[in-house]
Amino acid sequence: MDHKKLEEKIIQNYQGEEKMMILVFAQWCINHDINPEELYLRAYPNQATNIALKEAMELVVPKDEAGEIANETLLGVLSLFGNDDLAFVVTEEIAKMNA
């Protein structure tokens, strides 16, 4: 595999994993009766509409059909992708739930 093809493969893998992270975030929000788009906007108020989040919203299932996503799992996945601002607002929501 030449360097260019390897680079493209790495980018495709990262993008696929990033989409999975966004789906995990969106499903966690749904599971906790939180609007994922509003929470995302709190973390990134200057960003335009997130297309990947819109796509993920088409894949989420109702919370009664979804498996549980542990808070620590979501925070770990967000941190893996450097989504510190999003992890911060998720942490705020977790604190509200536990209050």
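Sequential numbering of the sequence shown, starting at 1381, is according to the working numbering. Ideal placement from N, C-alpha and C gives every residue a C-beta, glycine not left out. None of these values were measured; they are calculated from a predicted model.
Helix, strand or coil for residue i? Go by DSSP, reduced to three states.
i, result
"ASP1465", "helix"
"ASN1426", "coil"
"GLY1456", "helix"
"LYS1476", "helix"
"VAL1441", "coil"
"ALA1436", "helix"
Counting C-beta neighbours from all protein chains within 10 Å, is the total for residue i 16 or more, i.e. buried, or is it exposed?
i, result
"VAL1470", "buried"
"PHE1405", "buried"
"GLN1341", "This structure cannot settle anything about residue 1341, because the visible part of the chain is limited to 1381 through 1479."
"PRO1442", "exposed"
Mind pulling the alpha helix (DSSP H) runs of 4 or more residues that sit fully within the segment 1384 to 1434? Fully enclosed alpha helix (DSSP H) runs of no fewer than 4 residues occupy 1416 to 1423 of the segment 1384 to 1434, in order along the chain.
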